[in-house]
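What follows is a single structure, written as structure tokens, with notes after it.
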Amino acid sequence: MIATRLRQRKTTTLGTTAPASRPRVVVVGAGFAGLAAIEELAKLEADVTLVDRHNFATFQPLLYQVATAGLNPGDVAFPIRTVIRSMARTKFEQGELASVDVERKFIVLEDGRTLDYDYLILGVGATANYFGIAGAREYSHAIYTLDEALDVRNHLFHQFEQAVAHGVRDGALTFVVVGGGATGVELAGAIAELAHRALYTDYTSLNPDDVKVILIEQQQRLLEAFNESLSEYARRELRTRGVTVLLEETVEALEPGVILLHSGREIQNGLVLWAAGVAVPPVIGRLGLPTGRGGRLMVGGDLRVIGSEYIFAVGDVALASDPSGNPLPQLAQPAIQGGRHAARQIAALARGETTYPFRYRDKGTMATIGRRAAVAEIGHGIRLSGTPAWLAWLGLHVVTLLGSRNKASVMINWTWHYISWGKGPRVILGG
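Per UniProt numbering, the sequence shown starts with residue 1, numbered consecutively.
Next up, the structure:
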């Protein structure tokens, strides 16, 4: 199939040939890295094409709030064509990457279209890592896309409706979160608040004791990337909210409605949410480019893929390192800074200059547990917890959202949920 597409390439290539003096740059992925790259590339005399499978950009850090009915889907999605509207030499093509021809410098999309490039930036993001655990992919839910968030939301409310209709049985109102990093902690806290506070106004026939939220972490503490005092604060706050925290516990396998632990314990449940780690999309392993730990693309100091003069990798798919040689975390800030750096290196190369190494500036990290409870490390040894960290978390996420409408909508939603204790209406979308 790919061979047929390549033979037809002359008739399917998108766009026109750019003047030799104006480089053609293709950016694959409209996540944090890709959007940061095209924003920087807009300053360069170049023809830029952004490629993504969706025609909207998703603010992934708040997907869990869509999944737990705290925000609406439109609050975390923003049209890509609106993003690039003011970028005169930037265009968008909706599609999924299938392959890269390194020698002839073009990419192939899943539908057979091809795009020529002088420089290529790969920033396709990440997906769930199931670590080969039997049944994990089939019987758990990850939240990396808007569709997945809506699927989880529907499943949560379906479980409550079924419990009202048929009674609570077989752990129908037991919700298990696997992974005690920031995503897992935020999910567990949000589900606990949804179940133990807001839903009592809607499902008054249910016994509060029937609702259980369990967080499983294989390490000795939650939020291992944070200072130990903040990890302990998060554990206490989760327990205060009714979350059962199981530390030093490993998932052995998943079966329909049951999660099996290495200790021999079996937990019947109505929903398992997988937040145990991230992996690169399968297409990365099919590109024929060098990969290292976790299947991430191996890059040099300037973020060019090893052995490829014109291909950069940024964000979650790039195996970039900090000054100590440790792999950078697969988080938003490394992606944003990496995207900007790659764009600046392309500008330098286009001017006939040499590139320079990427230097990541750690601006800290945050995680929220729930209402007026969060943890934050913001550099220079500053650590926050409780309300100050929660307010800092709120402010950062509002500021970094795309679009004034989205910022206003999120602020209104959060304000309403705060003053009403989450007593507003909740809608199930889909079947």
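We put the beta carbon where it would ideally sit given N, CA and C, even for glycine.
Integer-rounded CB distance, given that residue j should sit under 8 Å from residue i
i, j, result
"Leu384", "Ala392", "6 Å"
"Arg89", "Asp47", "5 Å"
"His341", "Phe358", "5 Å"
Residue i vs residue j beta-carbon contact at 8 Å
i, j, result
"Arg241", "Ala192", "yes"
"Gly364", "Gln268", "no"
"Arg24", "Asp118", "yes"
"Tyr356", "Asp302", "yes"
"Tyr64", "Leu187", "yes"
"residue 456", "Leu287", "Because residue 456 is not part of the residues shown, which for the chain are 1 to 431, the question remains open."
"Ala98", "Val108", "yes"
"Asp116", "Val168", "no"
"Gln220", "Glu252", "no"
"Ile38", "Asn55", "no"
"Thr127", "Ala279", "yes"
Cβ neighbours of residue i in the same chain (closer than 6 Å, five flanking residues each side left out)
i, result
"Ile214", "Val176, Thr244"
"Thr250", "Gln218, His262"
"Thr415", "none"
"Ala136", "Tyr130, Leu254"
"Ala348", "Thr355"
"Ala376", "Met366, Leu384, Ala389, Ala392"
"Gln330", "Ala126, Val278, Asp316"
"Gly292", "Met298, Leu319"
Cβ shell of residue i (< 8 Å), same chain only, five flanking positions each side left out
i, result
"Val66", "Asn72, Pro73, Asp75, Val76, Leu146, Ala149, Leu150, Arg153"
"Ala335", "Gly31, Phe32, Ala33, Ala36, Gly123, Val314, Gly315, Asp316"
"Val299", "Val305, Ile306, Phe312, Ala313, Ala318, Leu319, Ala320"
Bounding residues of the beta strand (DSSP E) (the contiguous stretch that carries residue i)
i, result
"Tyr130", "Premise fails: Tyr130 is in no beta strand (DSSP E) and is neither H nor E."
"Gly370", "365 to 370"
"Ser231", "Per DSSP, Ser231 belongs to no beta strand (DSSP E); it is in the alpha helix (DSSP H), 228 to 240."
"Gln60", "Premise fails: Gln60 is in no beta strand (DSSP E) and is neither H nor E."
"Thr174", "174 to 178"
"Val258", "258 to 261"
"Thr400", "No beta strand (DSSP E) holds Thr400; the alpha helix (DSSP H) holding it covers 387 to 400."
"Val185", "Element bounds for Val185: not the beta strand (DSSP E) but the alpha helix (DSSP H), 182 to 196."
"Val314", "Careful: Val314 lies outside any beta strand (DSSP E) and carries neither H nor E."
"Val108", "106 to 109"
Three-state class that DSSP yields for residue i in the structure shown
i, result
"His380", "coil"
"His417", "helix"
"Met87", "coil"
"Leu41", "helix"
"Asp116", "strand"
"Pro323", "coil"
"Thr49", "strand"
"Lys212", "strand"
"Ser308", "coil"
"Ser404", "helix"
"Pro19", "For Pro19, the predicted model reports a pLDDT of 42, less than 50, meaning its position is unreliable and no value from the coordinates is stated."
"Phe358", "coil"
"Ile2", "No answer about Ile2 holds up, because its pLDDT of 47 lies below 50 and its placement is not dependable."
"Asp101", "strand"
"Val410", "helix"
"Ala136", "helix"
"residue 432", "Outside the displayed span of the chain (1 to 431) sits residue 432, for which this structure offers no information."
"Pro73", "helix"
"Thr291", "strand"
"Leu328", "coil"
"Thr250", "coil"
"residue 432", "This structure gives no information on residue 432, because the portion of the chain shown stretches from 1 to 431."
"Thr244", "strand"
Residue span of the alpha helix (DSSP H) that contains residue i, given as start and end
i, result
"Gln159", "146 to 166"
"Gln337", "332 to 350"
"Val283", "282 to 285"
"Thr68", "It is not in any alpha helix (DSSP H) - Thr68 carries neither H nor E in the DSSP assignment."
"Arg169", "Here Arg169 belongs to no alpha helix (DSSP H), and DSSP marks it neither H nor E."
"Ile143", "Element bounds for Ile143: n/a, residue is neither H nor E."
Cβ shell of residue i (< 7 Å), same chain only, five flanking positions each side left out
i, result
"Arg344", "Glu40"
"Leu394", "Trp414"
"Met411", "Val398"
Within-8 Å CB hit, residue i to chain D
i, result
"Leu319", "Among the protein chains of the structure shown there is no chain D, as only one such chain exists."
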